[in-house]
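Asker:
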Amino acid sequence: MGAKYVQNIYYIAVFDSRNYAVQLYQHLKRMRYKQFQLVSTPCVLNAGCSYSIRFDELEDYHILSREAEKLKKDIISIYEAKRVDRNRVLKQLDLN
Numbered sequence: 001m002g003a004k005y006v007q008n009i010y011y012i013a014v015f016d017s018r019n020y021a022v023q024l025y026q027h028l029k030r031m032r033y034k035q036f037q038l039v040s041t042p043c044v045l046n047a048g049c050s051y052s053i054r055f056d057e058l059e060d061y062h063i064l065s066r067e068a069e070k071l072k073k074d075i076i077s078i079y080e081a082k083r084v085d086r087n088r089v090l091k092q093l094d095l096n
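Those letters in the sequence shown? Residues 1 to 96, per UniProt numbering, in order.
Printed below as a string of C-alpha cells:
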C-alpha cells in the first residue's frame, strides 16, 4: 500500500454565508476550474455549519477573486493553512 500524499500548505477562502460559497463553487465547477474544493469551514474561523473554498496554489486566488466579483459574492477573508507537527495552523492573509 502506497503512502498517501498530504498537502502541507493550502488556502481557504471564507464567505459571509454558506450559500455564497456553494454558489461560487458551482460556478467554478461549470467553468471547469478543477483546482477548487468546497470544504467545511474550520470551527476556529467560523462557528456553525459554514462552507469555504479550498485551493492549493496562492496564484489561484486571482481566479477565485475575479469569479466571486462577477457573481457579487464577497470573500471576507483568506487563510493559509499549514501543517506543523501534525497540527493545522491557520494564518489570515491580506491579499487586497
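Built from N, CA and C at the ideal position, the CB exists for glycine as well.
Note that the structure is predicted; figures quoted are calculated from it, not measured.
1. At the level of alpha carbons, what is the spacing between Lys-70 and Arg-88?
2. Secondary structure at Lys-73, three-state DSSP: helix, strand or coil?
3. What does Val-39 pair with, by DSSP beta-bridge criteria?
4. Taking the beta carbon of Ser-40 as the centre, do at least 16 other beta carbons fall within 10 Å, making it buried, or is it exposed?
5. Only counting the same chain, and skipping five residues up and downstream in sequence, which positions put a Cβ closer than 6 angstroms to that of Ile-9?
6. How should Ser-50 be labelled, buried or exposed, when 16 other C-beta atoms within 10 angstroms of its C-beta is the threshold for buried?
7. When we look at the beta-carbon of Ser-52 and count the other beta-carbons within 10 Å, is it buried (16 or more) or exposed?
8. Suppose the cutoff is 6 angstroms on Cβ atoms and the five residues either side in sequence are ignored; what does the same chain contact list for Gln-92 look like?
Answerer: Taking the coordinates as given:
1. 32 angstroms
2. coil
3. Ser-52
4. exposed
5. Lys-82
6. buried
7. buried
8. Ser-77 and Tyr-79
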